[in-house]
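Novice:
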Amino acid sequence: MVFSLETRCLSSLAKVFPDQELTELPFCRASALQQETYAFQVAYRVRGVVEALKNILLHIESPLADQITIRTVGLAPSELPCYGDPDEDILRSTPGLFPDPLYPMRESEGIKIVPNQWRSIWITVHVDGGIQEGLYPIRLIFGNDSGEELAGETFELEVIEAMLPDQKLIHTEWFYADCIAEYYGLEVSSENHWDLIEKYVITAYAHGVNMLLTPLFTLPIDTLKGTERPTVQLVEVWKDGSCYVQQHRYSLRGVFSSLYTMGRQTSTEDYRDGRGGV
Numbered sequence: 001m002v003f004s005l006e007t008r009c010l011s012s013l014a015k016v017f018p019d020q021e022l023t024e025l026p027f028c029r030a031s032a033l034q035q036e037t038y039a040f041q042v043a044y045r046v047r048g049v050v051e052a053l054k055n056i057l058l059h060i061e062s063p064l065a066d067q068i069t070i071r072t073v074g075l076a077p078s079e080l081p082c083y084g085d086p087d088e089d090i091l092r093s094t095p096g097l098f099p100d101p102l103y104p105m106r107e108s109e110g111i112k113i114v115p116n117q118w119r120s121i122w123i124t125v126h127v128d129g130g131i132q133e134g135l136y137p138i139r140l141i142f143g144n145d146s147g148e149e150l151a152g153e154t155f156e157l158e159v160i161e162a163m164l165p166d167q168k169l170i171h172t173e174w175f176y177a178d179c180i181a182e183y184y185g186l187e188v189s190s191e192n193h194w195d196l197i198e199k200y201v202i203t204a205y206a207h208g209v210n211m212l213l214t215p216l217f218t219l220p221i222d223t224l225k226g227t228e229r230p231t232v233q234l235v236e237v238w239k240d241g242s243c244y245v246q247q248h249r250y251s252l253r254g255v256f257s258s259l260y261t262m263g264r265q266t267s268t269e270d271y272r273d274g275r276g277g278v
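First residue of the sequence shown: 1, per the UniProt record's numbering; consecutive thereafter.
#1: What are the start and end residues of the alpha helix (DSSP H) that includes K168?
#2: Apply the 10 Å Cβ neighbour rule to F142 and answer buried if 16 or more other Cβ atoms are within range, or exposed otherwise.
#3: Please state whether DSSP places N55 in a helix, a strand or coil.
#4: Thinking just about the alpha-carbon of each residue, which of S108, E133 and I123 is nearest to the one in S146?
#5: Check whether the segment 172-180 touches the segment 26-33, taking contact to mean three or more Cβ pairs, one atom from each stretch, closer than 8 Å.
#6: Determine the DSSP secondary structure at L91, reduced to helix, strand or coil.
#7: For A204, count the other beta carbons within 10 Å of its own beta carbon; 16 or more makes it buried, fewer makes it exposed. Which is it?
#8: For T154, list the residues DSSP reports as bridge partners.
#9: Quick check on E148: does DSSP put it in helix, strand or coil?
#10: Starting from Y183, follow the alpha helix (DSSP H) in both directions and report where the run begins and ends.
#11: Below 8 Å on the Cβ atoms is my contact criterion, and I expect R71 with W118 to pass it. Report the Cβ-Cβ distance as a whole number of Å.
#12: Give me the Cα-Cα distance between L213 and E173, rounded to the nearest whole angstrom.
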């Protein structure tokens, strides 16, 4: 079996399409502050005769290894990436597979490779406060199950002593508790439902979200005739004679405030291990 493995360090802003030649220049060095989360990519492509979906093992060598998360960049289908009159500042105008989801992986599991397609590994460095300033090498090694190194890339991250200040801008996102219940097939407000709400809030906080927008009323949208969305609204409403009366069902403000505090207290290790993420 004769094949070669091409690799290249890239910025997290680069988009690696499977069917497009990689034109991005190598990006192999950057800096980060204390308490900053930094990410970069390593693109790879197998050339030659090789069995599809063969396993290749990944291994990180770095003094920061305990602070690093490795994920694979998946592909999402897009049937209509743009309308007929796009501007020039788009990546592609034709339908196809776009790099988007990040899938968790473990070093022992390896990755599935497809011949003659560029794919990408997403590497996240959690620069926890307290890491000594300096220049840290991060080497991603591609190998086989015999321990042979097939390829590798080294990225250098300069950790600066200064501390990243707390976020002052308000980053708000919609939060649909009913969608969580419906997607996972859970009873609304059950223990399992609240457990997942907790994980989603912690994950949101880990990605810089510091405000959640929740609807007071269950929105009557995207609902087929004769059906209804699961009720997770914050108020109860009923008709009393000619008037409508409402009262708070429960204070999600207090609940989310508690979960937000919990998110701040959740360690990076918990998040990386999946205990604080979804």
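Think of the CB as a built atom: it goes at the ideal place given N, C-alpha and C, for glycine as much as any other residue.
What you are looking at is a predicted structure, and each value in this text was computed from that prediction instead of being measured.
Specialist: Considering the structure as presented:
#1: Residue mapping note: residue 168 aligns to position 168 of the sequence shown, counting from 1. Premise fails: K168 is in no alpha helix (DSSP H) and is neither H nor E.
#2: Here residue 142 refers to the residue found at position 142 of the sequence shown. Per the 10 Å Cβ criterion, buried.
#3: For this step, residue 55 is matched to residue 55 along the sequence shown. In the structure shown, N55 sits in a strand (DSSP, three-state: E or B).
#4: Translated into positions along the sequence shown, residue 146 becomes position 146. Residue S108 is the option with its Cα nearest to S146.
#5: At 8 Å Cβ cutoff, the stretches do not touch.
#6: Residue mapping note: residue 91 aligns to position 91 of the sequence shown, counting from 1. Looking at L91 - three-state DSSP - the assignment turns out to be coil, as it is neither helix nor strand.
#7: Here the question's residue 204 lines up with position 204 in the sequence shown. Classification for A204: buried.
#8: Indexing the sequence shown from 1 puts residue 154 at position 154. In the DSSP assignment, the residues bridged to T154 are R139.
#9: Taking the sequence shown and counting its residues from 1, one reaches residue 148 at position 148. In the structure shown, E148 sits in coil (DSSP, three-state: anything other than H, G, I, E or B).
#10: As a working note, residue 183 is residue 183 in the sequence shown. A177 to Y184 is the extent of the alpha helix (DSSP H) around Y183.
#11: Residue numbering aside, residue 71 sits at position 71 when the sequence shown is read from its first letter. Residue numbering aside, residue 118 sits at position 118 when the sequence shown is read from its first letter. Their Cβ separation, rounded to whole angstroms, is 17 Å, which puts R71 and W118 out of contact at 8 Å.
#12: The count along the sequence shown starts at 1 and reaches residue 213 at position 213. The count along the sequence shown starts at 1 and reaches residue 173 at position 173. Rounded to whole angstroms, L213 to E173 spans 6 Å at the Cα level.
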